[in-house]
Each structure stands twice: as C-alpha cells, then as structure tokens.
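In full-length UniProt numbering, the protein residues as written are 1 to 293.
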Amino acid sequence: MEFNTPILFIIFNRPATTRRVFDEIKKIKPKQFFIAADGPRLDNPEDTKNCQLTRDVVKDIDWSCEVKTLFRDKNLGCGPGPVTAINWFFDNVEEGIILEDDCLPDQSFFYFCQELLGRYRDNDRIMYIGGDNFQFGRKRGKGSYYFTDLIHTCWGWATWRRAWKYNNFEILPREEQNHIWDIQWRSAIIKNHGLFVLPNVNLVTNIGSGLLATHTKKMARFLFVPVKKIEFPLTHPKILEANRGASNYTSRFVFGPKIPKNKIIKFIENLIKVILKKLNLFELIKKLYLKLI
Numbered sequence: 001m002e003f004n005t006p007i008l009f010i011i012f013n014r015p016a017t018t019r020r021v022f023d024e025i026k027k028i029k030p031k032q033f034f035i036a037a038d039g040p041r042l043d044n045p046e047d048t049k050n051c052q053l054t055r056d057v058v059k060d061i062d063w064s065c066e067v068k069t070l071f072r073d074k075n076l077g078c079g080p081g082p083v084t085a086i087n088w089f090f091d092n093v094e095e096g097i098i099l100e101d102d103c104l105p106d107q108s109f110f111y112f113c114q115e116l117l118g119r120y121r122d123n124d125r126i127m128y129i130g131g132d133n134f135q136f137g138r139k140r141g142k143g144s145y146y147f148t149d150l151i152h153t154c155w156g157w158a159t160w161r162r163a164w165k166y167n168n169f170e171i172l173p174r175e176e177q178n179h180i181w182d183i184q185w186r187s188a189i190i191k192n193h194g195l196f197v198l199p200n201v202n203l204v205t206n207i208g209s210g211l212l213a214t215h216t217k218k219m220a221r222f223l224f225v226p227v228k229k230i231e232f233p234l235t236h237p238k239i240l241e242a243n244r245g246a247s248n249y250t251s252r253f254v255f256g257p258k259i260p261k262n263k264i265i266k267f268i269e270n271l272i273k274v275i276l277k278k279l280n281l282f283e284l285i286k287k288l289y290l291k292l293i
C-alpha cells in the first residue's frame with residue numbers, strides 16, 4: 001500500500017522520545033515531511049542542549065522526501081508553539097497527519113488516517129481523525145472505527161485545512177493560551193457540530209510520562225495504553241452519527257471528575273460504622289476505644 005500523506009512532527013526538548021517516534025515515521029517514509037521545533041526556554045539552562053540534541057535526531061532522514069522545517073530560536077510555549085506549527089503545516093498542505101514527540105504510533109495508524117482522510121475529504125461534518133482509544137476493550141459499533149461528538153486527547157491525529165480553519169486559539173484568556181492549544185481545537189469542532197473519528201483499537205500510545213512531560217502527569221492512567229494493529233480492509237460504519245455508548249463512557253469514566261481520595265476514605269469509614277451498628281458491635285467497639293485512649 002503506497003503512503004503519500006504529509007506528516008507534521010512537532011518536537012521540542014526530548015531527544016529520547018523523539019527518537020522512538022521518529023523511528024516509526026522513518027518506516028513509513030512520508031513523501032512530504034514537516035518538522036516544527038520550539039526554541040529553548042530562557043529560564044531552563046538544560047533546554048539549549050536538549051533542544052539541539054532533539055533537532056539532531058530528525059537529521060537522520062535516509063529516504064527520498066520533501067522536507068520543510070520550522071525551527072524557532074525563541075520559545076513560544078506549549079500553546080502558541082504547536083498551534084503556529086499546525087497553521088504553518090496547513091498553509092502548505094490540504095490535509096495531513098500531526099504527531100508530537102511523545103505520541104508513539106503503530107504503523108497501521110498511518111494507513112488508517114490516510115484512508116479516512118480520502119474517504120471523508122469532502123464531508124464537512126467529519127473534522128478530526130484520531131489514533132487513541134480509551135474504551136478499554138469495549139468495541140463501539142460494527143465498524144473498524146466509530147464517530148463521537150465528545151472531546152478527546154490529541155495524541156496522534158489527522159485533519160484537513162477545511163476543518164482546521166475553524167480553530168480559534170484566542171478563545172481562552174491570554175495567560176492560559178501560553179500553556180494550552182488543543183482545548184481550543186476540540187472546542188471548535190464541537191461548536192461547529194463536527195464529529196471525531198476514533199479507531200476501535202488503540203493505535204497511538206503516549207510515552208511522555210517523564211519529568212519533562214508538561215500535561216500528562218495528571219493523566220497517568222491513559223499513558224502507555226498498548227497499541228494494536230488495525231485490520232485492513234477497514235469496515236466502515238453504515239450510519240454517520242455519534243456513538244452514544246462511547247460518548248457516555250468517555251464522559252463518565254474517562255474524562256469525568258475523579259472522586260477525591262478523602263471522600264472515598266470517609267465513605268468507607270461511614271460504611272463500616274453502619275455495618276457495625278447493624279451487628280450491634282459499634283457501641284462496644286466505641287467503649288473499648290475510649291478506654292484505650
């Protein structure tokens with residue numbers, strides 16, 4: 001199967017994870033390869049060295065392709081850095097795949113994106129093709145993938161210029177823009193009644209759990225979810241609508257608020273009290289406890 005979809009690779013200061021993701025990109029040998037790198041932070045003395053080491057990784061291009069680079073001298077930050085890189089990408093191409101330096105794909109991810117970019121190219125309702133799956137073994141529908149209208153992490157994805165044009169980076173307060181870019185993008189899709197496409201197996205795993213990872217420390221349960229190969233030919237859903245089971249599960253169990261640990265402990269303590277009371281043991285234990293103290 002020939003691969004001819006442009007890829008944007010967004011890197012920064014992590015040579016080790018960059019190498020792992022780059023090695024997967026090398027296997028697919030994109031004909032158009034875009035690389036964007038933010039500049040070192042002034043308040044981080046290690047950045048200058050690590051940024052250069054990371055850029056050295058992507059010099060190892062051993063296949064014939066068109067390469068374009070956007071290497072920043074100054075640091076734009078976790079918000080403006082990626083969004084300006086994606087803007088630059090879609091100034092040059094009509095559609096493509098976006099990978100960051102901590103998003104490790106299975107090889108079938110690339111062909112999955114390529115096929116669906118072509119299939120839904122002229123369907124304005126489809127705005128996003130993702131590689132992650134947090135349904136944890138629950139297959140949604142009878143197809144190889146499903147549609148959802150709920151926001152998801154942008155850990156390996158693809159889209160079109162016609163969809164990205166709706167992104168409004170400035171909807172958040174300026175101080176928050178420096179740290180976030182993907183919430184604005186996902187909000188734009190929801191605002192425009194767009195649909196996300198997600199595979200029924202996980203095709204991309206996030207490997208950014210180290211001390212340098214900025215946004216993944218609070219999402220530990222979603223890191224290192226094993227990837228699987230998606231089978232071809234793809235089976236396409238017959239109805240183009242959001243899968244309610246997937247949306248409800250994601251809302252309740254994936255992105256829903258976690259119960260604070262102190263509330264869980266309090267609940268268990270109260271439950272024990274109720275059980276002991278029913279067994280007529282609560283008052284006895286209480287008296288023994290008071291004697292001990």
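Here a beta-carbon is modelled for each residue, glycine too, at the ideal position from N, C-alpha and C.
Computed from a predicted structure; not experimentally measured.
C-beta atoms of residue i and residue j nearer than 9 Å
i: residue 8; j: residue 89; result: yes
i: residue 202; j: residue 134; result: yes
i: residue 109; j: residue 227; result: yes
i: residue 156; j: residue 82; result: no
i: residue 93; j: residue 3; result: no
i: residue 354; j: residue 246; result: As displayed, the chain neither begins before 1 nor continues past 293, which places residue 354 out of reach and without an answer.
i: residue 200; j: residue 145; result: yes
i: residue 123; j: residue 240; result: yes
i: residue 91; j: residue 225; result: no
Neighbourhood of residue i by C-beta, 7 Å cutoff - its chain only, sequence neighbours within 5 removed
i: residue 166; result: 188 and 192
i: residue 103; result: 21, 155, 156, 204 and 206
i: residue 69; result: 35
i: residue 1; result: 111
i: residue 85; result: 8, 10, 36 and 70
Nonlocal neighbours in the same chain, by C-beta distance under 6 Å from residue i, ignoring five residues either side
i: residue 32; result: 6 and 66
i: residue 18; result: 11, 54, 57 and 101
i: residue 185; result: 167
i: residue 76; result: 38
i: residue 169; result: 83 and 184
i: residue 229; result: 106 and 108
Alpha-carbon spacing of residue i relative to residue j, whole angstroms
i: residue 36; j: residue 71; result: 6 Å
i: residue 100; j: residue 54; result: 12 Å
i: residue 231; j: residue 52; result: 38 Å
i: residue 74; j: residue 42; result: 8 Å
i: residue 16; j: residue 58; result: 12 Å
i: residue 298; j: residue 45; result: Not covered by the structure: residue 298. The range shown for the chain is 1 to 293.
i: residue 50; j: residue 119; result: 40 Å
i: residue 141; j: residue 248; result: 14 Å
i: residue 136; j: residue 29; result: 31 Å
i: residue 251; j: residue 158; result: 23 Å
i: residue 121; j: residue 96; result: 11 Å
i: residue 98; j: residue 107; result: 14 Å
i: residue 62; j: residue 190; result: 40 Å
i: residue 64; j: residue 143; result: 35 Å
i: residue 87; j: residue 244; result: 32 Å
Residues of its chain near residue i, where Cβ-Cβ distance is below 8 Å and the 5 sequence neighbours each way are ignored
i: residue 48; result: 40
i: residue 242; result: 147, 148, 149, 150 and 195
i: residue 60; result: 22 and 26
heavy atom of the ligand COA below 8 Å from residue i C-beta
i: residue 75; result: Ligands displayed in this structure: none; no statement on the ligand COA is therefore possible.
Count Cβ pairs between the segment 232-240 and the segment 156-166 that sit closer than 8 Å; are there 3 or more?
Remark: fewer than three beta-carbon pairs, one from each stretch, lie closer than 8 Å, so the segment 232-240 and the segment 156-166 are not flagged as touching.
Would you say the segment 114-121 touches the segment 11-29, given that touching needs at least three Cβ pairs under 8 Å?
Counting Cβ pairs under 8 Å, fewer than three are found: no touch.
Which runs of the alpha helix (DSSP H) fall wholly inside the segment 109-176 and span at least 4 residues, in chain order?
Fully enclosed alpha helix (DSSP H) runs of no fewer than 4 residues occupy 161-164 of the segment 109-176, in order along the chain.
Ranges of the beta strand (DSSP E) found wholly within the segment 73-115, counting only runs of at least 3:
Counting only runs that start and end inside the segment 73-115, the beta strand (DSSP E) elements of at least 3 residues fall at 95-100 and 103-105.
Give, in chain order, every unbroken run of the beta strand (DSSP E) that is at least 3 residues long and sits entirely within the segment 39-67.
Restricted to the segment 39-67, not a single beta strand (DSSP E) segment is unbroken, complete and at least 3 residues in length.
Considering only residues of the segment 2-44, which uninterrupted beta strand (DSSP E) runs meet the minimum length of 3 residues and lie entirely inside it, listed in chain order?
Whole beta strand (DSSP E) segments, 3+ residues: 7-11 and 32-37.
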